[in-house]
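Chains as they are written, first to last, in my numbering: chain G, 585 to 684; chain P, 585 to 684; chain W, 585 to 684; chain R, 585 to 684; chain X, 585 to 684; chain C, 585 to 684; chain E, 585 to 684. Report on one structure; see the data block that follows.
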């Protein structure tokens, strides 16, 4: 999935995040009731933006990197759908923390 | 179409985007139901702005270029109609990512 | 008309724009139904402002020039009436693009 | 009138403007119907402010000068009454253009 | 009155203003109807603030001084009562002009 | 009381203020009706913040100091309760003036 | 608990705060009525952010450190749940003061 998502290069200080809190299915096919609803803002960074420039024209490095599991603002970002998978494009600013 | 759209030079950090998600018609004339409604914010960059200046009077380069397929904010930009074709003039800031 | 409009010197980064999309009358006096309503934000730049200063006190050059046909934000600018002709004074910022 | 208005020194980047579009009376006492209502934002600059400082502490020069006939934003400025005459104190920023 | 008001040192770019437009009483005790209602925003500067610092840490000088009769925004400032006299603490920014 | 309040170190440009206008009780236990209601925004500075940094990383000095009697914006600050005493933590910006 | 919370690294100038004012249970199992409701904004800093950069690209040091008991704005921060424990991720800016 991350490979496919890499088809989008976010602009500027944005990152592409794949939500991980929905439709988790246990091995063997039994659907686990979505207890994850209490923390709906978890995701995995699948693409990093082209970079934001500071006043001197230098790129500001990202704090997060591809593969990071992150907590992000519930209302941050814009939903995009790629190959029937929902993603969020958000500013790194909207990411609250890195898990793990 | 892109050739005609090039008749507009966007000002500053704006770009001209031609929407690609509406009224797609299959060869042979059968209208395909608009399943694209889930991602209504896709377009093709058909013209780049005159450039935005930083505090030192230097032009800030654009990240997108003509021909780029982009995802943009659903509510970003202003609609303009040229030769019966709708376009959007928006700030590069309103472009979320480049596809492909 | 442009000559008369030149009687106003816009302040700072403003420009004076004469709308071109209304009351177009064909030669011979037949009124053409206003099909231009779909692109109501077209105009001609008839005067350039006194210039905006940057932080160093230097004037920032205008991108548009007198005679340019422009697309501008439908809600940008302030209407002024001179010799029974409506004009718009708007910031160059409110101009979206140059046509042609 | 301008002489009396000079009793107020506007602070900073403000100017004092005397409206010219109301209660125009023709010689001989016949009141001319107020056709000026369509351009209610015309005035004459009667006093210039103490000046606005830039970041370096230098005064930014005014573009308008006393005696200039100006167009200004209908809702800009604050009304003040001096010797039964209404004036407007507004920022130079609220002046749209100089007439003439 | 000004002497008592001097008991307050306004912070930063604030000034202390004593309103002069209310309860004017003629010698001999006859109360003059408050015709001053039309210009309710007149006052006398009775104390100057501790000063505002610019980005370099230098104090920005005040334009007004103690004793100045000023016009100020009707809604600017905060009312304070000292020894049964109302005063206004406002930013110098809220003062529109100096009278006289 | 001030000693106890000193248990809180305000962050940045904040100060800790102890209100002085409520529940004043005369010696002998007779409660004085709260005539202070007209100036409810008086307090005593009981702790100074850790300091605010300017753009160069230098600390901006406070204008107020511990022990100062101050007037502050009625709606500024956040109430905190320590040992059954109410305090306000507010930015120095919200302090209007120093009394005395 | 703090050890577990350390599994989250807040981004930028954010800190992770564990609330301390709820569900305090006395030894022996008797639930103490929540008298702490009057000061609901108390917490313990359990993780410090990756740091905020100033305009020169230098990290701005944090004022608070892990283990600090803090007062914070009641409405600041975003709730996150980790291992059945609620935490708040907030900007250091939202912390009002350090207790003790």
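The beta-carbon is built from N, C-alpha and C at its ideal position, and this holds for glycine as well. Computed from a prediction, not measured in an experiment: that's the story for all the values here.
Taking a beta-carbon distance threshold of 8 Å, residue 594 of chain R counts as an interface residue toward chain X. A residue is called buried once 16 or more other Cβ atoms fall within 10 Å of its Cβ, and residue 642 of chain C, having fewer, is exposed.
For residue 601 of chain X, the pairing in a beta bridge is given by DSSP as X/629 and X/672. Contact annotation: residue 650 of chain P and residue 682 of chain P have beta-carbon atoms that are not nearer than 8 Å. Here the stretch 660-672 of chain G makes contact with the stretch 591-602 of chain G; the two share three or more CB pairs at distances below 8 Å. Short of 8 Å from the beta carbon of residue 594 of chain R, and not among the five residues preceding or following it, lie these beta carbons of its own chain, in chain order: 600, 631, 632, 633, 634 and 673. Annotation: Cβ neighbours of residue 598 of chain C in chain E (cutoff 8 Å, chain order): 680 and 681. Within chain R, the residues placing a beta-carbon under 9 Å from that of residue 684 of chain X are 591, 592 and 593, ordered along the chain.
Residues of the stretch 663-674 of chain W with a Cβ closer than 7 Å to any Cβ of chain R, in chain order: 664, 665 and 673. Of the candidates R/664, R/660 and R/665, the residue whose Cα lies closest to the Cα of residue 678 of chain R is R/660. Of the residues assessed, residue 627 of chain X falls on the buried side of the cut-off, its CB having 16 or more other CB atoms within 10 angstroms.
Counting C-beta atoms within 10 angstroms of its own C-beta, residue 663 of chain G has fewer than 16 neighbours from the protein chains shown and is therefore classed as exposed.
In this structure, the straight-line span from the alpha carbon of residue 591 of chain C to that of residue 625 of chain P is close to 54 Å. In the DSSP assignment, no residue is bridged to residue 641 of chain G. With respect to chain X, the C-beta atom of residue 650 of chain C has no partner C-beta closer than 8 Å. Under the 8 Å criterion on CB atoms, residue 637 of chain W is classed as non-interfacial with respect to chain P. Taken atom to atom, the span from the alpha-carbon of residue 637 of chain W to that of residue 640 of chain C is near 26 Å.
Short of 8 Å from the beta carbon of residue 598 of chain R, and not among the five residues preceding or following it, lie these beta carbons of its own chain, in chain order: 633, 673, 674, 675 and 676. Residue 647 of chain R belongs to the set of residues whose beta carbon lies under 8 Å from a beta carbon in chain W. For the pair residue 647 of chain W and residue 656 of chain W, the Cα-to-Cα distance works out to about 14 Å.
Straight-line measurement puts the Cα of residue 596 of chain G at about 17 Å from the Cα of residue 629 of chain P. Within the model, the alpha-carbon separation for residue 684 of chain C versus residue 644 of chain C is close to 24 Å. For residue 665 of chain X, the enclosing beta strand (DSSP E) covers residues 662-666. As the crow flies, the alpha-carbon of residue 665 of chain W is around 13 Å from that of residue 680 of chain R. Distance between residue 652 of chain W and residue 652 of chain R, taken at the CA atoms: about 28 Å. According to the DSSP assignment, residue 651 of chain E belongs to no beta strand (DSSP E), since it is labelled neither H nor E. Per DSSP, residue 595 of chain X lies in no beta strand (DSSP E) segment and is marked neither H nor E.
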